[in-house]
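Those protein sequence lines, which keep their order, are chains A and B.
When the letters of the first sequence are read in order and numbered with this note's numbering, they come out as residues 1 to 420.
When the letters of the second sequence are read in order and numbered with this note's numbering, they come out as residues 1001 to 1420.
Where a beta carbon is used, it is the ideal one built from N, C-alpha and C, also for glycine.
The next block holds one structure in the form of structure tokens; read it before the comments.
Number of protein chains: 2
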Amino acid sequence: MTLTNTDVTDHIMRLGEQAKAAARALGLASTDTKNAALIASAKALRESLPVLLAANDKDVQSVMGKKPDAFIDRLKLTPDRVEAMASALEQIAALPDPVGRKLAHFERPNGLNIERVAVPIGVIGMIYESRPNVGADASALCLKSGNAVILRGGSESRHSTEIIVEAMQRGLAEAGLPAHVVQAVGTTDRSAVKALLQADDYVDLVIPRGGRGLVELVANEAKVPTLLHLDGNCHSYVHHAADIDKAVKIITNAKLRRTGVCGATESIVIDRKIATVILPKLTDSLKGCELRGDAEAVSLEPRLTLATEEDWSTEYLDSIASVKLVENLDEALAFISKHSSGHTDAIITEDNEAARRFLLAIDSAVVMHNASTQFSDGGEFGMGAEIGIATGKMHARGPVGLEQLTSFKYLVHGTGQTRP
Amino acid sequence: MTLTNTDVTDHIMRLGEQAKAAARALGLASTDTKNAALIASAKALRESLPVLLAANDKDVQSVMGKKPDAFIDRLKLTPDRVEAMASALEQIAALPDPVGRKLAHFERPNGLNIERVAVPIGVIGMIYESRPNVGADASALCLKSGNAVILRGGSESRHSTEIIVEAMQRGLAEAGLPAHVVQAVGTTDRSAVKALLQADDYVDLVIPRGGRGLVELVANEAKVPTLLHLDGNCHSYVHHAADIDKAVKIITNAKLRRTGVCGATESIVIDRKIATVILPKLTDSLKGCELRGDAEAVSLEPRLTLATEEDWSTEYLDSIASVKLVENLDEALAFISKHSSGHTDAIITEDNEAARRFLLAIDSAVVMHNASTQFSDGGEFGMGAEIGIATGKMHARGPVGLEQLTSFKYLVHGTGQTRP
């Protein structure tokens, strides 16, 4: 559908009103009801397999030849991928309910009994790109945490998204919950994103998931609170007291396990004292990866190319890493503090005191000792699933799972107390 | 000082850089060092008494005859008020350190050991009006929670603020902490507020404290995250199963103990079934308070005046309350959900099941049963002190005390784990 700007704003406001009403009902639903909706949604998704694949084929055909292969691969659904989506819904049903947890409890001298209890946030706007499964995962995480969701997926995936939302809505209806718990923006009009970002009367939180352009747009335009990360410029620092073989193994994994994820190491920082020993081993192990070092590193290991100033703050998301030599822990802390994007940074050392100093001093969402930065992930943290990763310092930081999709309120139980 | 807009932006950025560097050092300081700084600041404040009173007199003289008496009373310092400020610093020193608390701890099957630990937020911008003690309290709460603060008090209090900041900086220096932990914007240029609200590279959080105009400005202009509340349109609902005398006593306190605080009840909601019994008693007890009721309430109790639609969403901050009759709990829930500003709402009833339904269904930061809404306060909650009250759902909700001035990070302890 094509709409004027006013139409788009009205449309988003209507979705917002519907979402708010649905969220109110969902917020009072029992865990069993929410789980029943998730399980019924999984079933509905499996039943819709032929329709979904046909819709997805329409999406794929419309961009064929116009978008890179990697884009089309992210967009494409197969029976296996649909099954994985359905089974993710069931896995989220099996996770503990984050709503209603008693976060704190205190009794005051005047007898007031005060509880801090987890409650849903309300209405969440989810803005993402071409992968249709992001819509299903996000809907399931929002539903389980008692939140209504408004999905705004990439316009290229609109036919697939429509079928996925219909399946979730059938699941919700079957459990007696309002269908408007899960809605899609519908229109592919770009002004809809802006309207969603400004709709602070209806939307409590926006989570963008995608490339830097999308996330930057959201960060700049949102009036609504957001949970997001712009960059994952992650560092692995090899301290002079590191076990060299362990360091090579960890960094190879941190850089090359998957180069396109935000927790991949982009910059390797090495103590000068051990550089001649580790550089050749690391270069061997990171075969196929371009290493861009400072002048000193290049002089020690000629397979390195010379880095420019820009490299120190670049998130490559590719088989490239920068290599910086430092004199000691203090210099490493200064360098990483200057260039880190606050996502994940690691130290590799057998010196526990040095590790402790690093973990305290580096101001990133996740700081690691002797482990691969690629562990920075909700699933790996045992959260069951994540809707994104946040690098801001308000509300949630690091992987955003079910608990992070809740707020809280204070319940005050009195017996007639008045304040002196 | 008078500055151009570019000058103001540069000035705020320089304060921001200094604050960020100071916050880094403070974040690593021990509890003892922070407490020593607070105690030394209290001493410095007492020593500065004559200078502070002289500066305050300059502030008071400059607005004499131009501002209402209540404004001048808020601005005015006396030896007793300065002593109260100093002793508040010592009380904050005595509170537990919110930094370093272990918020969660989990071990993964692969042996990764993950802790979630409270850390300071970083740099906090505090924007307030004429009361000089707000600057001292906020500085102390920020210092204790490991955050640097940039104060922007009302221009009328600038001489007082200058002396208070100097005293805090002497206290910081004495404890070996950087003076830039506490800074004042200095210039009274109004564009400084805007520059502070936009400085998201340096400022992690802005907290406004003051009248609706100030808070609205911050809510609309801030690029930086904020913790704030616009309105405190608080309700007290008398359920038909209430103990009438208890209800009268609670509501009299909730409305009249202090009418100018955000937790004061502004709207009284009453079940029709008990209206004839409670209305005369309530009107007697709330003497001096104007009661604006709906037509039915006015017909039952002629001392009431007729409310307009606007009254239901008005925060009077005065000896006025609106009175609404409802059929039952469901109607009360609908009415309060529609008009509440999400601050604090209370039910008065002896029926625990009705109370439970109310506490779950009302989506406000604080919900109460059989207690005065005026208890909605950090001190009354046992937080020791509060820097403000938040009605947003992200990060902190309700009273914002020391714990709410922290973020957290994940510390991941490995033994060489790589991700499969």
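Can residue i be considered in contact with the ligand PLP, in the sense that its beta carbon sits closer than 7 Å to one or more heavy atoms?
{"i": "A:K66", "result": "Because no ligand of any kind appears in the structure shown, any question about the ligand PLP cannot be addressed here."}
Mapping DSSP to helix, strand and coil, what is residue i?
{"i": "B:V1008", "result": "helix"}
{"i": "A:F106", "result": "strand"}
{"i": "B:T1418", "result": "coil"}
{"i": "B:R1046", "result": "helix"}
{"i": "A:M1", "result": "Confidence is the limiting factor: at A:M1 the pLDDT is only 48, short of 50, which leaves the residue's position unreliable, though a coordinate-based value still follows. In the structure shown, A:M1 sits in coil (DSSP, three-state: anything other than H, G, I, E or B)."}
{"i": "A:F381", "result": "coil"}
{"i": "B:T1406", "result": "strand"}
{"i": "A:V181", "result": "helix"}
{"i": "B:A1222", "result": "coil"}
{"i": "A:H159", "result": "helix"}
{"i": "A:R14", "result": "helix"}
{"i": "A:G401", "result": "coil"}
{"i": "B:K1246", "result": "helix"}
{"i": "B:P1098", "result": "coil"}
{"i": "B:H1343", "result": "coil"}
{"i": "B:D1234", "result": "Note that residue 1234 of chain B corresponds to Cys in the displayed sequence, not to Asp. It is a strand residue."}
{"i": "A:N147", "result": "coil"}
{"i": "A:N370", "result": "strand"}
{"i": "B:E1290", "result": "strand"}
{"i": "B:N1035", "result": "helix"}
{"i": "B:H1413", "result": "strand"}
{"i": "A:N113", "result": "strand"}
{"i": "B:G1210", "result": "coil"}
{"i": "A:V134", "result": "helix"}
Given that residue i touches chain B, what residues does it touch there, using C-beta distances under 8 Å?
{"i": "A:N253", "result": "T1418, R1419"}
{"i": "A:S364", "result": "K1409"}
Starting from the beta carbon of residue i, find every residue of chain A whose beta carbon is closer than 8 Å, and list them in chain order.
{"i": "B:K1249", "result": "G416, T418"}
{"i": "B:S1407", "result": "K393, M394, R397"}
{"i": "B:K1246", "result": "G416"}
Quick test of your reading: residue i and residue j, contact by CB under 8 Å. State the CB separation rounded to the nearest angstrom.
{"i": "A:G388", "j": "A:V203", "result": "The Cβ separation is near 16 Å, so there is no contact."}
{"i": "A:Q374", "j": "A:G263", "result": "5 Å"}
{"i": "B:L1172", "j": "B:A1037", "result": "5 Å"}
{"i": "B:L1256", "j": "B:S1341", "result": "Contact doesn't hold; Cβ gap of about 20 Å is too wide."}
{"i": "A:A195", "j": "A:I12", "result": "4 Å"}
{"i": "B:M1368", "j": "A:G382", "result": "In fact, because the Cβ distance is near 36 Å, the residues do not count as touching under 8 Å."}
Taking C-beta pairs closer than 9 Å, name the residues in chain A that residue i reaches, listed in chain order.
{"i": "B:I1336", "result": "Within 9 Å Cβ-Cβ: nothing; B:I1336 doesn't reach chain A, min ~13 Å."}
{"i": "B:R1257", "result": "T418, R419, P420"}
{"i": "B:V1367", "result": "K409, Y410, L411, V412"}
Taking residue i as the query, report the chain B residues whose CB atoms sit under 7 Å from its CB, ordered along the chain.
{"i": "A:L317", "result": "Within chain B, no residue comes near A:L317; the closest Cβ sits about 17 Å away, beyond 7 Å."}
{"i": "A:K28", "result": "As written in the sequence, residue 28 of chain A is Leu, which differs from the Lys given in the question. Simply L1360, A1361."}
I want to verify the contact list: residues of chain A whose CB lies under 7 Å from the CB of residue i, in sequence order.
{"i": "B:N1035", "result": "By Cβ distance, chain A contributes nothing, its closest Cβ being about 19 Å from B:N1035, past 7 Å."}
{"i": "B:A1371", "result": "L112, V412, G414, Q417"}
Would you mind telling me which residues of chain B sit closer than 9 Å to residue i, beta carbon to beta carbon, in chain order?
{"i": "A:D204", "result": "G1392, K1393, M1394"}
Practice problem: With 9 Å as the limit, tell me which residues of the region 375-397 of chain A have their beta carbon closer than that to any beta carbon of chain B; keep them in chain order. | Solution: F375, S376, D377, E380, F381, G382, G392, K393, M394, H395, A396, R397
Exercise. Report yes or no: do three or more beta-carbon pairs, one from the region 290-309 of chain A and one from the region 346-357 of chain A, lie closer than 8 Å?
Key: no
Exercise. Decide yes or no for the touch test of the region 1113-1125 of chain B against the region 1205-1213 of chain B: beta carbon pairs closer than 8 Å, at least 3 of them.
Key: Because the criterion of three Cβ pairs below 8 Å is met, the region 1113-1125 of chain B and the region 1205-1213 of chain B touch.
Quiz item: Taking one C-beta from the region 408-416 of chain A and one from the region 229-239 of chain A each time, how about it: are there three or more such pairs within less than 8 Å?
Solution: no
Quiz item: Is it true that the region 1101-1119 of chain B meets the region 1127-1144 of chain B, where meeting means three or more beta-carbon pairs spaced less than 8 Å apart?
Solution: no
Self-check item: the region 217-225 of chain A / the region 332-340 of chain A touching (three or more Cβ pairs under 8 Å)
Solution: no
Exercise. State whether the region 188-202 of chain A contacts the region 363-371 of chain A, with contact taken as three or more CB pairs (one from each stretch) at a distance under 8 Å.
Key: Taking 8 Å as the limit for Cβ pairs, the verdict is that the region 363-371 of chain A does not touch the region 188-202 of chain A.
Quiz item: Going along the region 219-237 of chain A in order, which residues come within less than 7 Å of chain B, judged by CB to CB distance?
Solution: P225
Quiz item: With a cut-off of 8 Å, do at least 3 Cβ pairs link the region 1066-1083 of chain B to the region 314-333 of chain A?
Solution: no
Exercise. Identify each residue in the region 99-111 of chain A for which the Cβ-Cβ distance to at least one residue of chain B is less than 8 Å, and report them in chain order.
Key: Across the region 99-111 of chain A, CB contacts with chain B closer than 8 Å involve F106, R108, in sequence order along the chain.
Self-check item: Interface positions of the region 1117-1150 of chain B facing chain A (Cβ-Cβ less than 7 Å), listed along the chain
Solution: I1121, G1122
Quiz item: Counting pairs of beta carbons, one from the region 1178-1188 of chain B and one from the region 1088-1105 of chain B, are three or more of them closer than 8 Å?
Solution: no
Practice problem: Kindly confirm or deny that the region 1048-1060 of chain B and the region 1184-1196 of chain B touch, where touching means at least three C-beta pairs closer than 8 Å. | Solution: Under the Cβ criterion (8 Å, minimum of three pairs), the region 1048-1060 of chain B does not count as touching the region 1184-1196 of chain B.
Quiz item: Which of the residues in the region 1174-1190 of chain B, read from start to end, lie with their CB under 7 Å from any CB of chain A?
Solution: none
Practice problem: State whether the region 149-157 of chain A contacts the region 114-122 of chain A, with contact taken as three or more CB pairs (one from each stretch) at a distance under 8 Å. | Solution: Here the region 149-157 of chain A makes no contact with the region 114-122 of chain A; the two share fewer than three CB pairs at distances below 8 Å.
Quiz item: Counting pairs of beta carbons, one from the region 1271-1280 of chain B and one from the region 1242-1254 of chain B, are three or more of them closer than 8 Å?
Solution: yes
Quiz item: Quick check: the region 57-71 of chain A against the region 37-49 of chain A, are there 3 or more CB pairs under 8 Å?
Solution: no
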